[in-house]
Amino acid sequence: MEKSISLTIDGQVVTVAPGTTLRAACEQAQHPVPTLCWHENLTPANACRACVVELKGSRTLVASCSRVAEDGMEVLTASERVQNARQVVAELLLSTSDATLAPSLQELAQISGADPNRFAGGATWAQPVRDDNNLYVRDLSKCILCYRCVEACGDDAQNTFAIAVAGRGFDAHIDAGFGRELPESDCVFCGNCVAVCPTGALIGKKEYELRQEGQWDESQITTTETVCSYCGVGCDLQLHVLDNQIVKVTSPADHPVTHGMLCVKGRYGYAFAQSEDE
Amino acid sequence: MGEIRRLLPPHEVRSDPQSAERMRERGFDQALATIWAMNPETVIEWVTASGIKGRGGAAFPTGIKWTSVRQAPGEIKYVVMNADESELGTFKDRVLLEQDPLGALTGLLIAAYAVGARKAFCYIRGEYREVEQALANALETLRQGDWLRGVDVEIRRGAGAYIAGEETALFNSIEGKRPEPRVKPPFPTVKGLWSSPTLIQNVETLANVAVLFAHDVSWFTQYGTPKTPGTKLVALSGHIRRAGVYEVPFGVPLADIVSDPDLGGQVAGSGRLGAVLLGGAAGTFLTPEEVMNHHLDYESLQALGASIGSGAMMFFDDTVDLGWVVARLARFFAEESCGQCVPCRIGTRRLLEIVEAKQWESRVHDVRALAQAMRDASICGLGQTAPLALLSFIERPQLRPHA
Ligand SMILES: Cc1cc2nc3c(=O)[nH]c(=O)nc-3n(C[C@H](O)[C@H](O)[C@H](O)COP(=O)(O)O)c2cc1C
Ligand code: SF4
Ligand code: SF4
Ligand code: SF4
Numbered sequence: 285m286e287k288s289i290s291l292t293i294d295g296q297v298v299t300v301a302p303g304t305t306l307r308a309a310c311e312q313a314q315h316p317v318p319t320l321c322w323h324e325n326l327t328p329a330n331a332c333r334a335c336v337v338e339l340k341g342s343r344t345l346v347a348s349c350s351r352v353a354e355d356g357m358e359v360l361t362a363s364e365r366v367q368n369a370r371q372v373v374a375e376l377l378l379s380t381s382d383a384t385l386a387p388s389l390q391e392l393a394q395i396s397g398a399d400p401n402r403f404a405g406g407a408t409w410a411q412p413v414r415d416d417n418n419l420y421v422r423d424l425s426k427c428i429l430c431y432r433c434v435e436a437c438g439d440d441a442q443n444t445f446a447i448a449v450a451g452r453g454f455d456a457h458i459d460a461g462f463g464r465e466l467p468e469s470d471c472v473f474c475g476n477c478v479a480v481c482p483t484g485a486l487i488g489k490k491e492y493e494l495r496q497e498g499q500w501d502e503s504q505i506t507t508t509e510t511v512c513s514y515c516g517v518g519c520d521l522q523l524h525v526l527d528n529q530i531v532k533v534t535s536p537a538d539h540p541v542t543h544g545m546l547c548v549k550g551r552y553g554y555a556f557a558q559s560e561d562e
Numbered sequence: 126m127g128e129i130r131r132l133l134p135p136h137e138v139r140s141d142p143q144s145a146e147r148m149r150e151r152g153f154d155q156a157l158a159t160i161w162a163m164n165p166e167t168v169i170e171w172v173t174a175s176g177i178k179g180r181g182g183a184a185f186p187t188g189i190k191w192t193s194v195r196q197a198p199g200e201i202k203y204v205v206m207n208a209d210e211s212e213l214g215t216f217k218d219r220v221l222l223e224q225d226p227l228g229a230l231t232g233l234l235i236a237a238y239a240v241g242a243r244k245a246f247c248y249i250r251g252e253y254r255e256v257e258q259a260l261a262n263a264l265e266t267l268r269q270g271d272w273l274r275g276v277d278v279e280i281r282r283g284a285g286a287y288i289a290g291e292e293t294a295l296f297n298s299i300e301g302k303r304p305e306p307r308v309k310p311p312f313p314t315v316k317g318l319w320s321s322p323t324l325i326q327n328v329e330t331l332a333n334v335a336v337l338f339a340h341d342v343s344w345f346t347q348y349g350t351p352k353t354p355g356t357k358l359v360a361l362s363g364h365i366r367r368a369g370v371y372e373v374p375f376g377v378p379l380a381d382i383v384s385d386p387d388l389g390g391q392v393a394g395s396g397r398l399g400a401v402l403l404g405g406a407a408g409t410f411l412t413p414e415e416v417m418n419h420h421l422d423y424e425s426l427q428a429l430g431a432s433i434g435s436g437a438m439m440f441f442d443d444t445v446d447l448g449w450v451v452a453r454l455a456r457f458f459a460e461e462s463c464g465q466c467v468p469c470r471i472g473t474r475r476l477l478e479i480v481e482a483k484q485w486e487s488r489v490h491d492v493r494a495l496a497q498a499m500r501d502a503s504i505c506g507l508g509q510t511a512p513l514a515l516l517s518f519i520e521r522p523q524l525r526p527h528a
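Chains G and S supply the protein sequences, listed in that same order. So the first sequence is numbered by my numbering: it starts at 285 and just counts up by one. So the second sequence is numbered by my numbering: it starts at 126 and just counts up by one.
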C-alpha cells in the first residue's frame, strides 16, 4: 500500500489515501465544502467554482473537487477569499438562472449569505421551455451550465454524445447540435442527463406536467424498489408513485450495476405497468 | 538608445525571409548545427543560462519549462508554437513571422531536440492567412534543406477565438475539441496534447532561442537587465506617431519608448499623453507620471501592479474618454470568455453591464467583490485578468478628470 497523505484543513491535521481529492479530504475532516457541478459518478467538470478553497502557496483559489491532496498542503475552507468567491458565484447564478428547482444552489446561496439582487437586473437566461418530445422537457432558463448532462451523455455513462455546450461567454448553452429539437438529434432518450441535472432544467415530462398543474406533491410520493423487467442486466429501479400512478423512474446513484444510469426502456417504458386489461 | 534588431532581422539582411539563404544569413543553420553537436541537456543549460522568459505574457522561465518536459515520463512528447496572437493591441508575432519565419521555426526545432519530441505543431491565428503561407513556405525550405531531421511539423489554424491562445484550450483545439481551458495542475509539461508531456512556447520566445544558438549566452545577455536579459518586442498603437512593432532591451525607460524618434516618436492626437494601456486587454492603465518614472522591466512594473504581458502598449491622448475604452475592453472579455466557469461566464457580463452604465464608482464595492472572485476562482487567465484594466482605472482617479 502506498504511504498515506497528511495535510491540514483549517488547522486540523487530516490523513487520507493517495489520490484523494481536497473535496473528499474536507468532507473527512468534517469541514465540507459546497458543490454544484460535482457529482459522485461523473468526472469533475470544474465549472461552477462553488467548491474553491484557499491553498497556501497558490496564487488563486483551487477547485477542491478535482485538486488531489498532497503531503503538507495547508487548506482553508472558510477564509475571506473563499467566502467571497462562494457568495459571488451564488449571486451570479441567481442573477441569471431560475433556481426554484435547484436545492443545491439555494443551499449555496443560503450558507454564503448571497444577496440575490446584488448582480440582478441585467441579462438573464429566461427563455421559452422546449417541449419537443414525450419523455422529457428542457427548461434551460433553469440551467446553470454545470456540464453534468454533457458528461452523462458522453463518456462518463451513456457514450451517445448527443448534447454538448455550444456558443461562448454568456451565450454558452446546452445544445443537441445546431439547435435541433431532440427527436431530430442523436438523443436516444435514456434520460441519464435528466437524472443528473441538479436544477430541474432537464425534467421528466410527467413531472413537468404535474408541476404545471400544481399536482406535484413530494410529500405524497412513495418509492418502490424493484428490478427492471426488460433485460437481464438487473438494473435496480425506484418507482416514484403519486396517486397510484408511476410519475418518475430513477435508479440509486450508489447502485453497483447502474450508478444511477438507465436506458430508455427502464426509465420511461412503464406505461404497460399501469394499463388496465380490457 | 533606440531600436535594436536581433529578433527582428537587421535592416542589412536582405535575403528572402523564407529562403535557405536567409537560414544562412541569420546563422540559423549554424544554430542547428550547434545544437545537434550538443547533448539535449547542454542545450537546456544554455537556455537556462540565457535567462529567457516566456514572451507570451506570463514570463515563465523557459529553461525550467524545458527541463520539466525533458524529465517528464512519457514515450511521446510534443512541442507547440503558439502563434494564436489574439490579445488586443498585440501584433508582434505577426511581424516577426512575416519578417523572419525561419527564426521561430528554428527555435521550435531546437525545442523539439532538447525535450525529445518528434512531432511539432504551429497553431496560428485564423485571420493570419498570409503569415500562415509564409510559415508554410519557410517550413518547406527547412524540409528541402534537410533541417527538420525527422521532426514532423504541422500547421494548425485557429478559428477566431481569443481563448484558443490559452495553452490548454489550444491543446483541446488541436485535438478537435472546443477550446475550453483545462484545469491545472496537471501542467502541460507533464500532461498536454493527447495527455503527453508538451512544451508550448510563444513565437517570440522561440525566436529568442534561435538567436541565442546562432550566437552564445554572453552575446545574448549583452542587452537587458541581470534578471531579465535580452530584448522584447513591443507593439505600439493608438495615439502614437510611429505605431508599429519595435525591439527594445529589457529595462529601457518607458519614456524612451514614447518619445525616441526611432521608437514611438512622440504622442499623437493632442500631443499630450492621457494614459497607456500596458499589456493589452488583460493589462493595466498607467498614468503619464507612471510612464515617465518606470522601465520596461518586471520588477519596476510590479510596484504598479502592472506587467509587460505580451508587450502591447496602447496610447491614449488626454482627450480620450477612458470610460469608453474600459467598456470596450469589458465587451471584449464578455465576448471572448469560453463560458465554462461561472465567475467569468457571468462575471464578464455583469462587469460589462456595470461599466456601460458607468456605475464603477457608485457600485465600487460590488465591482471589487466581483473582481476578487473572478481573479480567485476563474479557471484560466482570461477570467482571472478580465477585471484588471477596470481596477487599474478605478484606482487612478487622475484618469477620470471629467468624473
Ligand atoms: C486567454 C489567454 C490567451 C492567450 N493567448 C496567447 C497567445 O495568443 N499567444 C501566446 O503565445 N500565449 C497566449 N497565452 C499564454 C499561453 O497560455 C502560454 O502561457 C504561452 O503560450 C506560453 O508560452 P511562453 O512561455 O513562451 O510565453 C494566452 C493565455 C490566456 C489566458
Ligand atoms: S436522454 Fe440520454 S442520449 Fe438523450 S441527451 Fe440525455 S443522456 Fe444523451
Ligand atoms: S441542463 Fe442541467 S445538467 Fe445540464 S448543464 Fe444545465 S443544469 Fe447542468
Ligand atoms: S476563466 Fe473564462 S475563459 Fe477561462 S475557463 Fe473560465 S469561462 Fe472559460
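We treat Cβ as the ideally placed atom computed from N, Cα and C, and that holds for glycine. As the structure is a prediction and not an experimental result, all values here were calculated from the model.
Partners in chain S for residue i, counting only beta-carbon separations shorter than 8 Å
| i | result |
| --- | --- |
| Phe454 of chain G | Ala459, Ser462, Gly464, Arg470, Ile471, Thr473 and Arg474 |
| Val336 of chain G | Asp501 and Ala502 |
| Thr344 of chain G | Arg500, Asp501, Ala502, Ser503 and Gln509 |
| Leu291 of chain G | Residues of chain S passing the Cβ test: none, with the nearest at roughly 16 Å. |
| Arg365 of chain G | Gln497 and Asp501 |
Amino acids of chain S, ordered along the chain, whose beta-carbon sits closer than 7 Å to that of residue i
| i | result |
| --- | --- |
| Cys310 of chain G | Here the premise fails: no neighbours, minimum Cβ distance about 16 Å. |
| Arg402 of chain G | Asp491 |
| Cys332 of chain G | Val467 |
| Thr380 of chain G | Ile471 |
| Ser350 of chain G | Val308 |
| Ala347 of chain G | Val308 |
| Asn368 of chain G | Ala494, Gln497 and Ala498 |
Residue i, buried or exposed, once every other Cβ within 10 Å from all chains shown has been counted against 16
| i | result |
| --- | --- |
| Tyr431 of chain G | buried |
| Thr215 of chain S | buried |
| Gln504 of chain G | exposed |
| Phe518 of chain S | buried |
| His490 of chain S | exposed |
| Thr167 of chain S | exposed |
| Ile325 of chain S | buried |
Residue nearest to residue i in terms of C-alpha spacing, selected from the options
| i | options | result |
| --- | --- | --- |
| Gln269 of chain S | S:Met438, S:Gly405, S:Glu146 and S:Val492 | S:Glu146 |
| His539 of chain G | G:Leu526, G:Tyr552, G:Thr510 and G:Ser559 | G:Thr510 |
| Ser388 of chain G | G:Gly544, G:Trp322 and G:Ala353 | G:Trp322 |
| Glu491 of chain G | G:Gln529, G:Ile447, G:His457 and G:Cys437 | G:Gln529 |
| His524 of chain G | G:Arg495, G:Gln296, G:Glu502 and G:Leu291 | G:Glu502 |
| Asp446 of chain S | S:Ser503, S:Ser425, S:Val401 and S:Val278 | S:Val401 |
| Trp191 of chain S | S:Ala236, S:Asp141, S:Glu372 and S:Gly508 | S:Ala236 |
| Ala557 of chain G | G:Tyr514, G:Thr542 and G:His543 | G:Tyr514 |
| Cys427 of chain G | G:Thr305, G:Ala301, G:Ala369 and G:Gln411 | G:Gln411 |
| Lys549 of chain G | G:Val541, G:Gln522 and G:Cys512 | G:Cys512 |
Where the beta strand (DSSP E) containing residue i begins and where it ends
| i | result |
| --- | --- |
| Cys247 of chain S | Lys244 to Ile249 |
| Thr506 of chain G | Thr506 to Val511 |
| Trp362 of chain S | According to the sequence shown, residue 362 of chain S is Ser rather than Trp. From DSSP, the beta strand (DSSP E) with Ser362 of chain S extends over Thr356 to Gly363. |
| Gln326 of chain S | Thr323 to Asn327 |
| Thr299 of chain G | Gln296 to Val300 |
| Ser415 of chain G | For the record, residue 415 of chain G in the displayed sequence is Asp; it is not Ser. Looking at the DSSP string, Asp415 of chain G is not in any beta strand (DSSP E), and its letter there is neither H nor E. |
Under 9 Å from the C-beta of residue i: neighbouring residues of chain S
| i | result |
| --- | --- |
| Thr563 of chain G | Since the first and last residues shown for chain G are 285 and 562, residue 563 of chain G lies out of range. |
| Gly451 of chain G | Gly464 |
| Arg422 of chain G | In chain order: nothing, as chain S lies at least about 18 Å away. |
| Val317 of chain G | In chain order: nothing, as chain S lies at least about 12 Å away. |
Beta-carbon neighbours of residue i, restricted to chain G and to distances below 9 Å
| i | result |
| --- | --- |
| Asp443 of chain S | The contacting residues do not exist; Asp443 of chain S stays about 32 Å from chain G at best. |
Delimiting residues of the alpha helix (DSSP H) encompassing residue i
| i | result |
| --- | --- |
| Val373 of chain G | Glu364 to Leu378 |
| Ile519 of chain S | Leu513 to Glu520 |
| Val434 of chain G | Arg432 to Cys437 |
| Ser425 of chain G | Here Ser425 of chain G belongs to no alpha helix (DSSP H), and DSSP marks it neither H nor E. |
| Ala174 of chain S | Pro165 to Ser175 |
| Thr473 of chain S | Gly472 to Glu481 |
Listed by chain order, chain G residues near residue i by CB distance under 8 Å
| i | result |
| --- | --- |
| Gln484 of chain S | Under the 8 Å cutoff, chain G gives no residues; its nearest Cβ is about 11 Å from Gln484 of chain S. |
| Arg303 of chain S | Ala448 and Val449 |
Interface residues of chain G facing residue i [CB-CB closer than 7 Å]
| i | result |
| --- | --- |
| Glu478 of chain S | Gly406 |
Hey, which unbroken runs of the alpha helix (DSSP H) at 4 residues or more fall wholly within the stretch 192-228 of chain S? Segments of the alpha helix (DSSP H) lying fully in the stretch 192-228 of chain S: 217-224.
Residue ranges of each alpha helix (DSSP H) run of no fewer than 4 residues wholly in the stretch 367-423 of chain S, ordered along the chain? Under the rule that a run must span 4 or more residues, the alpha helix (DSSP H) segments found entirely inside the stretch 367-423 of chain S read 379-384 and 413-418.
Hey, which unbroken runs of the beta strand (DSSP E) at 3 residues or more fall wholly within the stretch 446-529 of chain G? The qualifying runs are 448-450, 457-459, 486-488, 506-511 and 520-526.
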